[in-house]
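A.B. asks: Note that our numbering has the sequence shown beginning at 346, numbered continuously upward.
In this text, a Cβ means the ideal position worked out from N, Cα and C, and glycines have one as well.
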Amino acid sequence: MQSLNVTLESITPIFIGGADPRGEPELRAASFRGALRFWLRALIGSAIQDQDPGKIRKLESEVFGSTENASPVVLRVERPEYRAISFRKIVELDSRGNPRRPGIAYLFFTARRTKSDPERRAIPAGTRFRFTISLRPGTKNLEPLRRAYAALWLFTRFGGIGTRSRRGAGSLQAVAAGVLEDLPPLEVKAGTPQALKDEIAQGLRKLSELFSQHGEQKSTDQAPNFEILDPKHCEIWLSSGVFNSWEEALDAIGQAMRAFRNRRPPDYENIRGALQGRPLTQPIERAAFGLPIVFYFPSLDKQGVLTGAFHDRRASPILFRPIRLANGQYVIVIVWFKSKLLPEEERLKFERKKQKEEILVDQPTQEILKKFIEEIDSNNQIGRLIAVTGSNA
Numbered sequence: 346m347q348s349l350n351v352t353l354e355s356i357t358p359i360f361i362g363g364a365d366p367r368g369e370p371e372l373r374a375a376s377f378r379g380a381l382r383f384w385l386r387a388l389i390g391s392a393i394q395d396q397d398p399g400k401i402r403k404l405e406s407e408v409f410g411s412t413e414n415a416s417p418v419v420l421r422v423e424r425p426e427y428r429a430i431s432f433r434k435i436v437e438l439d440s441r442g443n444p445r446r447p448g449i450a451y452l453f454f455t456a457r458r459t460k461s462d463p464e465r466r467a468i469p470a471g472t473r474f475r476f477t478i479s480l481r482p483g484t485k486n487l488e489p490l491r492r493a494y495a496a497l498w499l500f501t502r503f504g505g506i507g508t509r510s511r512r513g514a515g516s517l518q519a520v521a522a523g524v525l526e527d528l529p530p531l532e533v534k535a536g537t538p539q540a541l542k543d544e545i546a547q548g549l550r551k552l553s554e555l556f557s558q559h560g561e562q563k564s565t566d567q568a569p570n571f572e573i574l575d576p577k578h579c580e581i582w583l584s585s586g587v588f589n590s591w592e593e594a595l596d597a598i599g600q601a602m603r604a605f606r607n608r609r610p611p612d613y614e615n616i617r618g619a620l621q622g623r624p625l626t627q628p629i630e631r632a633a634f635g636l637p638i639v640f641y642f643p644s645l646d647k648q649g650v651l652t653g654a655f656h657d658r659r660a661s662p663i664l665f666r667p668i669r670l671a672n673g674q675y676v677i678v679i680v681w682f683k684s685k686l687l688p689e690e691e692r693l694k695f696e697r698k699k700q701k702e703e704i705l706v707d708q709p710t711q712e713i714l715k716k717f718i719e720e721i722d723s724n725n726q727i728g729r730l731i732a733v734t735g736s737n738a
């Protein structure tokens with residue numbers, strides 16, 4: 346087989362702009378290549394039990410290319426027919442501007458309208474289109490196609506595309522696809538959370554075999570510098586609770602996340618004091634969820650921005666998205682990559698905007714992420730978490 350045709354469906358809205366990020370949403374092969382490259386890298390790092398970035402980069406480039414070598418794999422995305430949907434409609438804003446889906450509004454907040462920018466528009470959930478992975482003409486080795494397939498399998502279980510994809514937007518699933526020999530099917534076959542747990546666990550084991558011959562058994566307990574699917578450094582859960590729609594699923598976890606982080610001590614008083622001119626008394630725990638963070642206190646009319654001293658951005662190590670079961674219901678999948686927030690020697694930088702002052706503070710631990718998972722696990726609407734990988738698997 347030299348090519349693979351897949352019909353993908355958007356399970357949640359896709360916020361993905363073209364030249365204008367807030368213009369008409371647009372699907373491009375380059376965006377999919379970037380997403381698949383991420384998941385292939387995470388798989389390689391786990392499968393070969395080696396955290397050498399040079400070795401991982403070499404294996405990755407054998408599939409998706411590099412600046413020195415063209416990719417043997419060609420990706421094509423069929424332009425789907427759809428009518429873009431606005432952020433306002435997705436979160437169901439009422440006449441007063443309050444969302445009827447506050448959890449979704451919290452997760453997708455960067456798509457809202459601001460003083461300077463219009464709201465984002467998205468490709469709606471339920472949009473189907475053809476996605477093709479093929480080998481470049483003249484390529485006889487089928488291994489790059491098999492590895493690209495593996496990345497797509499991971500992407501359609503754990504990932505997403507576009508803005509807020511780590512918070513459930515841009516989730517895609519295969520609804521029709523060919524199957525490559527000895528690899529798990531792209532479509533979700535499970536009809537219950539427990540069956541999905543088994544399906545995912547078996548699929549992960551099968552995909553790891555694609556790279557097992559490259560392993561050198563160098564896995565350590567030290568947190569890696571990048572995201573890998575090694576069970577020592579990544580935990581995956583499914584909600585035992587099921588939902589009738591993606592909206593119900595994301596609204597539930599969005600509201601849980603908002604309740605967990607809202608005015609949470611000690612960050613709330615720590616940041617408030619810093620905006621009033623006092624020093625930061627300790628690391629800002631919320632930074633563990635990713636950077637940058639913009640803090641605004643209306644009562645003070647003051648704003649601060651938290652970044653790394655040398656890195657403006659750090660994607661969240663916790664990802665979640667809904668998965669549609671074979672029976673049409675939905676569960677939530679949560680992935681926690683236990684990689685380093687920033688290089689160990691780097692500190693965080695808090696900038697008080699109006700004062701144009703900067704404060705340096707140490708990085709936080711990941712303890713707040715552990716507490717977040719524990720709180721989700723005790724949420725009655727989401728249900729107890731079912732471990733797929735990790736220490737509790």
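What are the partner residues of tyrosine 494, as DSSP defines its beta bridges?
C.D. replies: Paired residues: none, contrary to the question.
A.B. asks: Should glutamate 413 go down as buried or exposed, given a rule of 16 or more other Cβ atoms within 10 Å for buried?
C.D. replies: exposed
A.B. asks: What do you get for glutamate 702, buried or exposed, if any count of 16 or more other CB atoms within 10 angstroms of its CB means buried?
C.D. replies: exposed
A.B. asks: Terminal residues of the continuous alpha helix (DSSP H) containing isoleucine 401?
C.D. replies: 398-409 is the extent of the alpha helix (DSSP H) around isoleucine 401.
A.B. asks: Give me the Cβ distance between glycine 504 and tryptophan 681, rounded to the nearest whole Å; I'm assuming they're in contact under 8 Å.
C.D. replies: Wrong, their Cβ atoms sit about 14 Å apart, outside the cutoff.
A.B. asks: Near serine 376, what residues of its chain come up, given a Cβ to Cβ distance below 8 Å and the 5 sequence neighbours on each side ignored?
C.D. replies: Ile361, Ile506, Gly507
A.B. asks: By how many angstroms is the C-alpha of aspartate 527 removed from the C-alpha of aspartate 707?
C.D. replies: 47 Å
A.B. asks: Looking at the unbroken beta strand (DSSP E) that takes in lysine 303, where does it start and where does it end?
C.D. replies: Residue coverage of the chain in this structure runs from 346 to 738, which leaves residue 303 outside it and unanswerable.
A.B. asks: Taking the alpha-carbon of isoleucine 573 as reference, which of Phe476, Gly635, Leu549, Glu720 has the nearest alpha-carbon?
C.D. replies: Leu549
A.B. asks: DSSP three-state call for alanine 738: helix, strand or coil?
C.D. replies: Low per-residue confidence applies at alanine 738: pLDDT is 39, beneath 50, and the placement is therefore not dependable, though the value from the model is reported in the following sentence. In the structure shown, the three-state DSSP call for alanine 738 is coil.
A.B. asks: Need the endpoints of the beta strand (DSSP E) that phenylalanine 640 sits in, please.
C.D. replies: 638-642
A.B. asks: Note the first and the last residue of the continuous beta strand (DSSP E) segment covering arginine 669.
C.D. replies: Here the beta strand (DSSP E) through arginine 669 covers 663-669.
A.B. asks: Should tyrosine 494 go down as buried or exposed, given a rule of 16 or more other Cβ atoms within 10 Å for buried?
C.D. replies: buried
A.B. asks: Check for me: the beta strand (DSSP E) holding leucine 693 runs from which residue to which?
C.D. replies: From DSSP, the beta strand (DSSP E) with leucine 693 extends over 693-697.
A.B. asks: How many Å lie between arginine 659 and aspartate 365 at the Cα?
C.D. replies: 23 Å
A.B. asks: What's the gap between the Cα of asparagine 724 and the Cα of glutamate 371?
C.D. replies: 36 Å
A.B. asks: Roughly how far, in whole angstroms, is the beta-carbon of threonine 357 from the beta-carbon of glycine 586, given that I think they are within contact range, below 8 Å?
C.D. replies: About 18 Å; that fails the 8 Å criterion.
A.B. asks: Compare the C-alpha of glutamine 347 against each of Val418, Gly410, Gly390 and name the closest.
C.D. replies: Val418
A.B. asks: Rounded to the nearest angstrom, what separates threonine 652 and alanine 470 at their Cα positions?
C.D. replies: 33 Å
A.B. asks: When you compare the stretch 670-677 with the stretch 593-606, are there three or more beta-carbon pairs, one atom per stretch, that lie closer than 8 Å?
C.D. replies: Taking a contact to require three or more Cβ pairs closer than 8 Å, the stretch 670-677 and the stretch 593-606 qualify as touching.
A.B. asks: CB glutamate 614 to CB threonine 472, shorter than 8 Å?
C.D. replies: no
A.B. asks: Indicate the three-state DSSP secondary structure (helix, strand or coil) for asparagine 607 in the structure shown.
C.D. replies: coil
A.B. asks: Would you say the stretch 478-489 touches the stretch 387-394, given that touching needs at least three Cβ pairs under 8 Å?
C.D. replies: no
A.B. asks: Three-state secondary structure (DSSP) at serine 355?
C.D. replies: strand
A.B. asks: Tell me the DSSP secondary structure of glutamine 562 in three-state form.
C.D. replies: Residue placement at glutamine 562 is poorly supported in this model, since its pLDDT is 49, which falls under 50; the coordinates still yield a value, given next. In the structure shown, glutamine 562 sits in coil (DSSP, three-state: anything other than H, G, I, E or B).
A.B. asks: Report, in whole angstroms, the separation of the C-beta atoms of lysine 647 and proline 662, which I expect to be a contact under 8 Å.
C.D. replies: Their Cβ separation, rounded to whole angstroms, is 29 Å, which puts lysine 647 and proline 662 out of contact at 8 Å.
A.B. asks: Beta strand (DSSP E) containing isoleucine 545: first to last residue?
C.D. replies: Where isoleucine 545 is concerned, there is no enclosing beta strand (DSSP E), although the alpha helix (DSSP H) it sits in stretches over 538-553.
A.B. asks: What first and last residue would you give for the beta strand (DSSP E) that runs through serine 584?
C.D. replies: 579-584
A.B. asks: Kindly give me the distance between the Cβ atoms of isoleucine 731 and tryptophan 582, rounded to whole angstroms, as I take these residues to be in contact under 8 Å.
C.D. replies: 6 Å
A.B. asks: Return the chain-ordered ranges of every alpha helix (DSSP H) run that is complete within the stretch 431-496 and spans a minimum of 4 residues.
C.D. replies: 432-436, 447-452
A.B. asks: So, helix, strand or coil for asparagine 615, using DSSP?
C.D. replies: helix
A.B. asks: Looking at valine 524 and isoleucine 668, is the spacing between their C-beta atoms short of 8 Å?
C.D. replies: no
A.B. asks: So the alpha helix (DSSP H) glycine 390 belongs to, where does it begin and stop?
C.D. replies: 374-392
A.B. asks: With a threshold of 16 other CB atoms inside 10 Å of the CB of leucine 645, please say whether the residue is buried or exposed.
C.D. replies: exposed
A.B. asks: Between the C-alpha atoms of proline 398 and glutamate 407, what's the straight-line distance to the nearest angstrom?
C.D. replies: C-alpha of proline 398 to C-alpha of glutamate 407: approximately 14 Å in a straight line.
A.B. asks: Under 8 Å by Cβ, that's how I've got arginine 386 and glutamate 405 pegged, so tell me the actual separation to the nearest angstrom.
C.D. replies: 5 Å
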